[in-house]
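Asker: Chains Z and W are the protein sequences, given in the same order.
Heads up, the first sequence is in this note's numbering, so the first residue is 4 and it goes up one at a time.
Heads up, the second sequence is in this note's numbering, so the first residue is 842 and it goes up one at a time.
Just so you know, even glycine gets a beta-carbon here, dropped at the ideal spot from N, CA and C.
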Amino acid sequence: MRLRVLPKGQVPDLVRALMADYRVWGPKAKGPQFAFEPLYDPAEMRLDYNISILSPKVALQPPQERVAVFRMDGGFTVEPVVEAEPTVIFGMHTCDLHALALLDRAFSADFPDAHYTERRQQALIVSIECLQPCDEHSFCKSMGTWTADSGYDLHLIDLGDAYAVYVGTEAGEALLAKYAPQARPAADAEVRRLNEVMSAKWPRFPHRLNFDAAELPALLATAYDHPIWTELGDRCLSCGSCTNVCPTCYCFNVIDSPELSLKEAVRLRRWDSCQLDEFARVASGENFREARAARQRHRMFRKGKWLYERFGELGCVGCGRCIRACLTHINIVDTFNAIHASQHRR
Amino acid sequence: MSKSSVAKPKVAFFDFASCEGCQLTVVDSLQTHLDLLDAVEIVNFREAATLNGWDFDIAFVEGSITRPHDEERLKRIREQAKILVALGACADTACVNALKNLQPPDEVRRYVYGEHADWYETYAARPLSAVVKVDAVIPGCPIDQEEFVEVVKALLVGKKPPIPDYPVCVECKLKGNVCMFHIGKVCLGPVTRAGCGAICPTYGDGCEGCRGIIPHPNENAMEEVLDEAGLTLDDIMHRFTMFNAYREVETGKW
Ligand code: SF4
Ligand code: SF4
Ligand code: SF4
Ligand code: SF4
Ligand code: SF4
């Protein structure tokens, strides 16, 4: 893997140059928190952010988008709408990189999703290494997502006055050559510095899961009827915040909205959440996940078991967003730890 | 295709105890969505025109019912209308009108009408659904323009109007907002019906619950959230009282 060094002072120039040819998304301050949004000025970008409220998937799977237009004026035509543009996502953390790899699989399995795929193909990823945990809720170390050696085009690591830049793809190499020609190969001293920075990082990150995450699918297989689901269900508001902030959730609802003339209609899709009362209501009127407890179990099983069975990756990257967002403190780490503890007491 | 070749549904607007702000929002909608007037024929709309026809298919009714003889008029509207829509929070939940339900009725009447209190036969404010069958509601104080237009579209194609039964938090998160509870404010979004685009939290204020409570709120969990935010049980009741007093009196809960 090629390694370059880019002086920090040149990052704004790089972003400005990219903005001329791409829609550049980056972390910006939003009150006391941070959000991934399109950048209009390189100075808005806060690479020192802890974590974004919504994951940067917003750039690839927007909360709401148009997917088709129907015309019903003398005949019936359907025109797919794919809203995509050349995009750079700048400053993605590694937990979100791992989540992106999962979304890539989900949206390309069986029936590849044209909307996501087109945006993804036009997107370049510039990620950045976290050197300390974003806060007390992250458990990326337990989930093995606290660093990454692929999934990015370029990956930055803060060396103090410069960034070490790992080049992950040819597209990343070309991007650097065109937009940051000042980036140079790393000198020996810089490689040593990089090693020091990374060695200092490891002990700062705690393990929060009390067992190996690889055991999760097998552990949950024993826990379908665990009493903890009722307990969580009793506390859950069914507000959907935990799934809406999750970088690996991808469920959506499809809504057709006609024009008043009834001669044209747009088909929209909008994020949906398995935690909402009506999510599992089917055409017959039956709701097959009516109890909050069943919905909580469903979410935890997706994260710890079902996505692993389907895609070979756990559905949780340990970003802790769902824990921060939950007003009743439903905590996925505590839940997994509690199940582990109870199954090992027997 | 000439416009007259399709019979346009005849629409009427009526009001009871309310500020008429929801009808004003309808008037605004007519200006921003000119095609509304192509899609329907308005036959009765005191707020906006000198029309008083009684031959209508869809009745939009604003306001709460506060007097026995309101009931007669509402029932006449119901008999005539194929579809009756409760327009706005007063019609849907009795909104702020129901604040008076928390006080002894005689005192309230004397406070408002003074020495002529006996001339007015008023009773506890109630939503339309307490008197007649309501086919659809447009919640909110005031209603949301876009939602009004969406409901009209749904009625035109014979579909169930797309009124969300999930809470405001959903729309708030989709907007990527900072949660009010994370900056020391209080918000009723977790139990309040969405559809307003979470407008209050988006502009930095907690939701006050003006669109009414979702169908299956987790009351205990919400109380714990508010308790943790420093509210006493009394504070909690007061928070909900503003827009949800009718529910409070009917259910004994907030
Ligand atoms: S954020 Fe918490 S309360 Fe809301 S649906 Fe998720 S688990 Fe339930
Ligand atoms: S389940 Fe929670 S911690 Fe895991 S990836 Fe989703 S939001 Fe992050
Ligand atoms: S969870 Fe880990 S990788 Fe993700 S933002 Fe926090 S510290 Fe960084
Ligand atoms: S600000 Fe209110 S509506 Fe928004 S997420 Fe927080 S509690 Fe829910
Ligand atoms: S956020 Fe709450 S109070 Fe504000 S408009 Fe929406 S429902 Fe009403």
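When you compare the CB of Z/G243 with every CB in chain W, is at least one pair closer than 8 Å?
Answerer: Here the question's residue 243 of chain Z lines up with position 240 in the first sequence. Interface residue, yes.
Asker: Given that a residue counts as buried once 16 or more other Cβ atoms are within 10 Å of its Cβ, and exposed if not, what is W/I1024?
Answerer: As a first step, residue 1024 of chain W must be located in the second sequence, where it is residue number 183. Burial call: exposed.
Asker: W/P1008 CB to nearest chain Z CB: under 8 Å?
Answerer: Taking the second sequence and counting its residues from 1, the one referred to as residue 1008 of chain W is at position 167. Yes, its Cβ sits closer than 8 Å to a Cβ of chain Z.
Asker: By a C-beta neighbour count over all protein chains shown, 10 Å radius and 16 as the cutoff for buried, is W/H917 buried or exposed?
Answerer: Translated into the one-based positions of the second sequence, residue 917 of chain W becomes position 76. Rather than His, the amino acid found at residue 917 of chain W in this sequence is Arg. So W/R917 counts as exposed.
Asker: Using a Cβ-Cβ cutoff of less than 7 Å, which residues in the same chain neighbour Z/T331 once the five nearest sequence positions on both sides are dropped?
Answerer: For the purposes of this step, residue 331 of chain Z is taken as residue 328 along the first sequence, with counting starting at 1. Contacts found: R238, C239, L240.
Asker: If I measure Cβ to Cβ from W/I1004 and keep anything under 8 Å in the same chain, skipping five residues before and after, which residues do I get?
Answerer: Sequence index remark: in the second sequence, residue 1004 of chain W carries index 163 (1-based). Same-chain partners within the cutoff: A977, V978, I979, P980, E988, V992, R1034, G1036.
Asker: Along the chain, where does the beta strand (DSSP E) that runs through Z/R74 open and close?
Answerer: Residue 74 of chain Z sits at position 71 when you count from the first residue of the first sequence. Counting along the chain, the beta strand (DSSP E) containing Z/R74 begins and ends at 67-74.
Asker: Between the alpha carbons of Z/L57 and Z/K31, how many angstroms are there, rounded?
Answerer: For the purposes of this step, residue 57 of chain Z is taken as the residue at position 54 of the first sequence. For the purposes of this step, residue 31 of chain Z is taken as the residue at position 28 of the first sequence. Between Z/L57 and Z/K31, the C-alpha separation is close to 12 Å.
Asker: Any idea what DSSP makes of Z/R211, helix, strand or coil?
Answerer: Locating residue 211 of chain Z in the first sequence gives position 208, where the first residue counts as 1. Note: Z/R211 maps to coil in three-state DSSP.
Asker: Who are the near neighbours of W/R1080 in its chain, counting only those whose CB is closer than 6 Å to its CB and skipping five residues on each side?
Answerer: Against the second sequence, residue 1080 of chain W aligns to sequence position 239. Cβ within range, chain order: n/a, list empty.
Asker: Taking the straight line between their C-alpha atoms, what separation do you get for Z/C98 and Z/T150?
Answerer: Sequence index remark: in the first sequence, residue 98 of chain Z carries index 95 (1-based). Sequence index remark: in the first sequence, residue 150 of chain Z carries index 147 (1-based). Taking the straight line from one Cα to the other gives about 7 Å.
Asker: Enumerated in chain order, which unbroken segments of the alpha helix (DSSP H) with a length of 4 residues or greater are wholly contained in the stretch 200-251 of chain Z?
Answerer: Fully enclosed alpha helix (DSSP H) runs of 4 or longer: 219-224, 231-238, 244-247.
Asker: Is the CB-CB distance between Z/K211 and Z/V336 below 8 Å?
Answerer: To locate residue 211 of chain Z, count along the first sequence from 1; it is residue 208. To locate residue 336 of chain Z, count along the first sequence from 1; it is residue 333. According to the sequence provided, residue 211 of chain Z is Arg. The question's Lys does not apply to it. Cβ atoms of Z/R211 and Z/V336: closer than 8 Å.
Asker: Quick one: grab the DSSP three-state call for W/W960.
Answerer: Mapped onto the second sequence, residue 960 of chain W falls at position 119. If DSSP states are grouped into helix, strand and coil, W/W960 belongs with the helices.
Asker: Looking only at C-alpha atoms, which of Z/G34, Z/I342, Z/I258 sits nearest to W/Y1044?
Answerer: The residue labelled residue 1044 of chain W in the question sits at position 203 within the second sequence. Taking only the C-alpha atoms, the option nearest W/Y1044 is Z/G34.
Asker: Answer yes or no: do W/F854 and W/C982 have a C-beta to C-beta separation smaller than 8 Å?
Answerer: Along the second sequence, one-based indexing puts residue 854 of chain W at 13. Along the second sequence, one-based indexing puts residue 982 of chain W at 141. Not in contact: W/F854 and W/C982 (Cβ atoms no closer than 8 Å).
Asker: Near Z/P15, which residues of its chain fall below 6 Å by C-beta distance, leaving aside the five closest residues on each side in sequence?
Answerer: Working through the first sequence from its first residue, we reach residue 15 of chain Z at position 12. Around Z/P15: P45.
Asker: Quick one, which of Z/D152, Z/R207, Z/V200, Z/G77 has its alpha-carbon nearest Z/A165's?
Answerer: Reading the first sequence from its first residue, position 162 is the one you call residue 165 of chain Z. With distances taken between Cα atoms, Z/A165 lies closest to Z/V200.
Asker: By the three-class DSSP mapping on this structure, what secondary structure does Z/H118 have?
Answerer: Looking up residue 118 of chain Z in the first sequence gives position 115. DSSP places Z/H118 in helix when its eight states are reduced to three.
Asker: Quick check on W/F1084: does DSSP put it in helix, strand or coil?
Answerer: Here residue 1084 of chain W refers to the residue found at position 243 of the second sequence. W/F1084 falls in the helix class under three-state DSSP.
Asker: Three or more beta-carbon pairs under 8 Å between the stretch 880-895 of chain W and the stretch 1005-1018 of chain W, yes or no?
Answerer: Flag = no, the stretch 880-895 of chain W and the stretch 1005-1018 of chain W do not touch.
Asker: Does the separation of the CB atoms of W/A835 and W/Y1087 fall below 8 Å?
Answerer: Only positions 842 to 1095 of chain W appear in the structure, and residue 835 of chain W is not among them; the question remains open.
Asker: Would you please state the rounded distance, in angstroms, between the beta carbons of Z/N256 and Z/R273? I believe it to be under 8 Å.
Answerer: Position 253 of the first sequence, counted from the start, is the residue given in the question as residue 256 of chain Z. Position 270 of the first sequence, counted from the start, is the residue given in the question as residue 273 of chain Z. Indeed they touch by this definition, with Cβ atoms about 5 Å apart.
Asker: Please tell me whether W/A966 has its Cβ less than 8 Å away from any Cβ of chain Z.
Answerer: By one-based count along the second sequence, residue 966 of chain W stands at place 125. Output row for W/A966: interface = no.
Asker: Tell me the rounded alpha-carbon separation between Z/L105 and Z/F314.
Answerer: As a first step, residue 105 of chain Z must be located in the first sequence, where it is residue number 102. As a first step, residue 314 of chain Z must be located in the first sequence, where it is residue number 311. Going from the Cα of Z/L105 to the Cα of Z/F314 covers about 8 Å.
Asker: Per DSSP, W/P1042 forms a beta bridge with which residues?
Answerer: Here the question's residue 1042 of chain W lines up with position 201 in the second sequence. None; W/P1042 has no bridge partner.
Asker: Grouping DSSP H, G and I as helix and E and B as strand, with all else coil, what is W/S843?
Answerer: By 1-based counting over the second sequence, the position of residue 843 of chain W is 2. In this prediction, W/S843 scores a pLDDT of 41, lower than 50, which makes its location untrustworthy; the coordinate-derived value is nonetheless stated afterwards. The answer is coil: DSSP assigns W/S843 none of H, G, I, E or B.
Asker: Please state whether the Cβ-Cβ distance between Z/L223 and Z/G307 is less than 8 Å.
Answerer: Start at 1 with the first residue of the first sequence, and residue 223 of chain Z comes out as number 220. Start at 1 with the first residue of the first sequence, and residue 307 of chain Z comes out as number 304. Going by C-beta atoms, Z/L223 is nearer than 8 Å to Z/G307.
Asker: In the DSSP assignment, find the beta strand (DSSP E) that holds Z/A167 and state where it starts and stops.
Answerer: On the first sequence, position 164 is the one that residue 167 of chain Z refers to. Looking at the DSSP string, the run of the beta strand (DSSP E) that includes Z/A167 is 165-170.
Asker: Quick one: is the Cβ of Z/S58 within less than 7 Å of any heavy atom of ligand 4?
Answerer: Position 55 of the first sequence, counting from 1, holds the residue named residue 58 of chain Z. Every heavy atom of ligand 4 is 7 Å or more from the Cβ of Z/S58, so no.
Asker: The beta strand (DSSP E) spanning Z/L271 covers which residue range?
Answerer: On the first sequence, position 268 is the one that residue 271 of chain Z refers to. Z/L271 -> beta strand (DSSP E) spans 267-274.
Asker: To the nearest angstrom, how far is it from the Cα of Z/G12 to the Cα of W/D985?
Answerer: Position 9 of the first sequence, counting from 1, holds the residue named residue 12 of chain Z. Position 144 of the second sequence, counting from 1, holds the residue named residue 985 of chain W. Z/G12 and W/D985: Cα-Cα distance of roughly 47 Å.
Asker: Buried or exposed, going by whether 16 or more other CB atoms sit within 10 Å of the CB of W/K923?
Answerer: Counting from one through the second sequence, the residue named residue 923 of chain W turns up at place 82. It counts as exposed.
Asker: Which of the residues in the stretch 859-880 of chain W, read from start to end, lie with their CB under 8 Å from any CB of chain Z?
Answerer: Against chain Z - using a Cβ distance shorter than 8 Å - the residues of the stretch 859-880 of chain W are H874, D876, L877, D879, A880.
Asker: What distance in whole Å lies between the Cβ atoms of Z/V91 and Z/Y25, which are believed to be in contact at a cut-off of 8 Å?
Answerer: By 1-based counting over the first sequence, the position of residue 25 of chain Z is 22. By 1-based counting over the first sequence, the position of residue 91 of chain Z is 88. Z/Y25 to Z/V91, Cβ: 5 Å. Contact.
Asker: List in chain order: all unbroken alpha helix (DSSP H) runs of 4+ residues lying wholly within the stretch 978-1058 of chain W.
Answerer: You should have 986-997, 1009-1015, 1040-1043.
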